[in-house]
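Visitor: Have a look at this one before I ask anything.
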Amino acid sequence: MPSRHLYRRIYVWELPVRAFHWINALAITVLGVTGAMIGKPFSVTYAQEASFQYWYGTVRFIHFTAGYVFLFNMLVRTYWGFVGNRFAAWDKFIPTTKAAFQEIVQVLKIDILQVRGTGAIHIGHNRLAGLIYFITAFIFGFQALTGFALYASMSHSVFGKMAAWVIPLMGGEMAVRQWHHAMLWFYVLFTLVHVYLVFYHDYVEGRGTTSSMVGGWKFERDDLLDR
Amino acid sequence: MSGEKHTLWAVMREKGYSRRDFMQFCSFAAAAAGLGPNASAAVAKAFEKKARPPVVWLHFQECTCCSESFIRASHPIVADVLLDAISLDYSETLQAASGHAAEKCKADTLKAYDGKYILLIEGSVPTKENGVYCTIGGRTAEDILQEAAKGAAAIVAWGNCASYGCVQAAKPNPTGATPIQKLVNKPVINVPGCPPIADVMVALVTHLLMFGRAPELDAQGRPKEFYSRRVHDTCYRRAYFDAGMFVESFDDDHARKGYCLYKMGCRGPVTYNACSVTKWNEGTSYPIQSGHGCLGCSENGFWDNGPFYRHLPSFPGFGIESTADSVGVALGAVAAVGVAAHAVSTNIRKRKLIHEQVAEAVKDTPNSEKVD
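Chains as they are written, first to last, in this note's numbering: chain G, 14 to 240; chain R, 3 to 374.
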């Protein structure tokens, strides 16, 4: 017989975290779509003279603008990791304790072996998700760095200049372009797995994972909340 | 040639050029070096008064295309005077002397003009197997380089070979071809390109002769005046790029109309050179103008960024036909299949858990009707 549990409502994701999430999702989508178009432009119209159209320039402009949004959004979130609530704190992304590693194993069991979990899973980011986001943050940084390095040659942007050292380091702009392009696929894979896992956890745990990124609330069994 | 005060003006007079030709040359040299029109007087003065520093031109692992390019400089006087002047000291390809006489000529120059001569180098230096892959007069390239570099007032690395290693250094680099800047302990002026543009080479030599020092260089040792802009930025087809009008195939109508070659693998957007400004062969044309995309020949490692006719290079480790996109699509497909399989398996393996939760929720709901 299933036992009867009391659930409590917890305010997990504060507004800046939710705003970061959706701005980031939007920026990545725009960057991914425009980036793919820059990498492999398709034919739009050839009916007019070149001087009457500028669509490819516009696509690039949107990509660069979204790049700035992406960067600053990321910086704000990093700042929030130091001043936000305990679910948003920076140390939730770096597993250091034994319990943290046990939780990672636990989540892997639940997700991949699909067995029933026995231990407690964090109500915020579970420890595995936290670690993945920590690695993701570095890839975000890599993408911003290579992106602005490529941007340096066509603008007077300070951010471009600050990233220009990457080009000789990686062996020329062709290599930077290659890796910047390849990382597009990281985002595709990440989005696919991320969205699926949100649905999956919401489905099997019933803690309101999906809606939490809209309203900020999650639900947790009272008896597990002593932590 | 005697070691006396031998000026460029003296050389020109010997060859029968008039004062007018000389002044014309000076204004061209001033312009080539990026100076204003008023500077030609100063240039004339320098060429009249300053003794011409001797030039030693070394050849290592290369195809001599840099020399070939150099002798095709736009201005006939530049080619004539500078080249004649240069060949007098040491240049394996162009000097009259050969064998021991040539080696002695070089040795004399290195000794007599220690710390004064300009060293121009064409080609990379092999370092594997103690440098046996390139020997001249029984000595290895590196040995010759180190000897000549010691007393050089300035060192210029001509072309992609000397600057980055070019095709010899392409994977797997069997001879251990190494660019000059990695071997000598002195600043090296890199003039990359395969070959570099003749007028760029001449302008650099002119600058060195005129001022006795290097022009402003960028972080990679390239003269800024020629290598600070991308081929793309000054390309006459740039408007088609911004308008999104591309050649889709070399034999389509767009190619005939001269649209942007970006999709044909043109490396213009990632290549720093002056091709679209100075052009080649007396300003006649350059690759893009001739309907062929830029290969990026002035960039480090351009041979390894192939295929040349595709925008994206091959992705390392996945075979020659794979790009980042084909690898990405495959990974994406695997992930999608994995997710679908996982979703199915969830409903089977977690059935009990989900049922329990539903049952619990139903039990907690006041006035609930019985749900199966």
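Glycine included, each C-beta is placed from N, C-alpha and C at the ideal position.
Would you mind sorting R:R232 into buried or exposed? The rule is 16 or more other CB atoms within 10 Å of its CB.
Guide: Label assigned to R:R232: buried.
Visitor: Assuming the contact rule is C-beta atoms closer than 8 angstroms, G:E116 and G:R90 should be a hit. Round their C-beta distance to whole Å, please.
Guide: At roughly 23 angstroms, the Cβ-Cβ gap does not stay under 8 angstroms, so G:E116 and G:R90 are not in contact.
Visitor: Would R:L211 and R:I191 qualify as a contact pair, given that the criterion is a beta-carbon distance under 8 angstroms?
Guide: The answer is no: Cβ separation not under 8 angstroms.
Visitor: Taking Cβ-Cβ distances below 8 angstroms as the criterion, which residues of the region 236 to 249 of chain R are in contact with chain G?
Guide: Those would be A241, Y242, F243, D244, A245, G246, M247, F248, in chain order.
Visitor: Please list, in chain order, the residues of the region 178 to 205 of chain R that have any C-beta partner in chain G closer than 8 angstroms.
Guide: Per Cβ criterion, the list is empty.
Visitor: Determine whether the beta carbon atoms of R:A257 and R:G295 lie at a separation below 8 angstroms.
Guide: Contact: no.
Visitor: If I follow the unbroken alpha helix (DSSP H) through R:K259, where does it start and stop?
Guide: R:K259 -> alpha helix (DSSP H) spans 255 to 259.
Visitor: Relative to chain R, which residues along the region 180 to 192 of chain G have a C-beta separation below 7 angstroms, given in chain order?
Guide: Those residues of the region 180 to 192 of chain G that come within reach of chain R (Cβ to Cβ, closer than 7 angstroms) are P181, G184, G185, E186, M187, R190, Q191.
Visitor: Tell me whether R:N40 sits in a helix, a strand or coil according to DSSP, three-state version.
Guide: Looking at R:N40 - three-state DSSP - the assignment turns out to be helix.
Visitor: To the nearest angstrom, how far is it from the Cα of R:P174 to the Cα of R:Q63?
Guide: Using only the alpha carbons, I get a separation of about 16 angstroms.
Visitor: So is G:S166 in contact with chain R if we call contact Cβ pairs under 8 angstroms?
Guide: G:S166 counts as touching chain R.
Visitor: Does the contact criterion of 3 or more C-beta pairs under 8 angstroms hold for the region 72 to 83 of chain G versus the region 32 to 49 of chain G?
Guide: Yes: at least three Cβ pairs fall under 8 angstroms.
Visitor: What are the boundary residues of the beta strand (DSSP E) that includes R:A159?
Guide: Unbroken beta strand (DSSP E) run through R:A159: 156 to 160.
Visitor: Is R:A245 near the ligand HEM, with its Cβ less than 7 angstroms from a heavy atom?
Guide: Looking at this structure, you won't find the ligand HEM or any other ligand, since it has none at all.
Visitor: Assess contact between the region 138 to 156 of chain R and the region 122 to 130 of chain R, defined as three or more Cβ pairs (one per stretch) separated by less than 8 angstroms. Is contact present?
Guide: With a cut-off of 8 angstroms, the region 122 to 130 of chain R and the region 138 to 156 of chain R count as touching, because enough Cβ pairs lie within range.
Visitor: Let me know if G:I107 comes out buried or exposed under the rule of 16 or more other beta-carbons within 10 Å of its beta-carbon.
Guide: Its Cβ having fewer than 16 others within 10 Å, G:I107 is exposed.
Visitor: Could you give the DSSP three-state label for R:F317: helix, strand or coil?
Guide: Three-state result, R:F317: coil.
Visitor: With a CB to CB cut of under 7 angstroms and the five nearest residues on each side skipped, what residues in its chain are close to G:R22?
Guide: Around G:R22: W230, F232.
Visitor: Provide the residue span of the alpha helix (DSSP H) that contains G:R31, from first to last.
Guide: 28 to 52 is the span of the alpha helix (DSSP H), which, as asked, contains G:R31.
Visitor: Going along chain R, which residues have a C-beta under 7 angstroms from G:V201?
Guide: The answer, in chain order, is G330, G334.
Visitor: Using a Cβ-Cβ cut-off of less than 8 angstroms, give me the residues of the region 202 to 232 of chain G that come near chain R, in sequence order.
Guide: From the region 202 to 232 of chain G, only L202, L205, V206, Y209, Y213, Y216, V217, G219 have a Cβ closer than 8 angstroms to chain R.
Visitor: Measure the alpha-carbon distance for R:E1 versus R:T111 and round it to whole angstroms.
Guide: This structure cannot settle anything about residue 1 of chain R, because the visible part of chain R is limited to 3 through 374.
Visitor: Find the nearest neighbour of G:N98 within the set G:G137, G:H214, G:V72, G:M196, judged by alpha-carbon distance.
Guide: Considering only alpha carbons, the answer is G:G137.
Visitor: Taking the runs of the alpha helix (DSSP H) that are 4 residues or longer, which of them lie wholly in the region 52 to 98 of chain G?
Guide: Whole alpha helix (DSSP H) segments, 4+ residues: 68 to 96.
Visitor: Look up R:E64 in the DSSP assignment and say whether it is helix, strand or coil.
Guide: Coil.
Visitor: Which chain G residues sit within Cβ distance under 8 angstroms of R:H294?
Guide: Result: empty, since nearest Cβ-Cβ is about 17 angstroms, beyond 8 angstroms.
Visitor: Assign R:K108 to buried or exposed, taking buried as 16 or more other Cβ atoms, counted over all protein chains shown, within 10 Å of its Cβ.
Guide: With 16 or more Cβ atoms within 10 Å of its Cβ, R:K108 is classed as buried.
Visitor: The beta strand (DSSP E) that contains R:E2, what's its start and end?
Guide: With chain R covering 3 to 374 only, the question about residue 2 of chain R has no answer from this structure.
Visitor: According to DSSP, which residues form a beta bridge with R:K184?
Guide: In the DSSP output, where bridge partners are listed per residue, R:K184 has none listed.
Visitor: Compare the C-beta of R:I317 against all C-beta atoms of chain G and say whether one is closer than 8 angstroms.
Guide: Reading off the sequence shown, one finds Phe at residue 317 of chain R, where the question assumed Ile. Judged by the 8 angstroms Cβ criterion, R:F317 is in contact with chain G.
Visitor: Tell me which residues of the region 338 to 356 of chain R have at least one Cβ-Cβ distance to chain G shorter than 8 angstroms, keeping chain order.
Guide: Those would be A338, V341, H344, A345, S347, T348, R351, K352, L355, I356, in chain order.
Visitor: Would you mind telling me which residues of chain G sit closer than 7 angstroms to R:N307, beta carbon to beta carbon, in chain order?
Guide: Near R:N307 (Cβ distances below 7 angstroms), the residues of chain G are M187.
Visitor: Let me know the secondary structure DSSP gives R:S89 once reduced to three states.
Guide: Note that R:S89 has pLDDT 48, beneath the 50 cutoff, so the model's placement of it is unreliable and no number is given.
Visitor: Taking 6 angstroms as the limit between beta carbons, can you name the residues of its chain near R:R182, skipping five residues before and five after?
Guide: In the sequence under discussion, the amino acid at residue 182 of chain R is Ile, which differs from the Arg named in the question. Excluding sequence neighbours, R:I182 sits near I123, A159, A164, V190.
Visitor: Measure the Cβ-Cβ separation of R:G140 and R:P197 and say whether it is below 8 angstroms.
Guide: No, these two residues do not count as a Cβ contact at 8 angstroms.
Visitor: Tell me whether the beta-carbon of G:H76 lies closer than 8 angstroms to the beta-carbon of G:T47.
Guide: Against a cut-off of 8 angstroms, the Cβ pair of G:T47 and G:H76 comes out as a contact.
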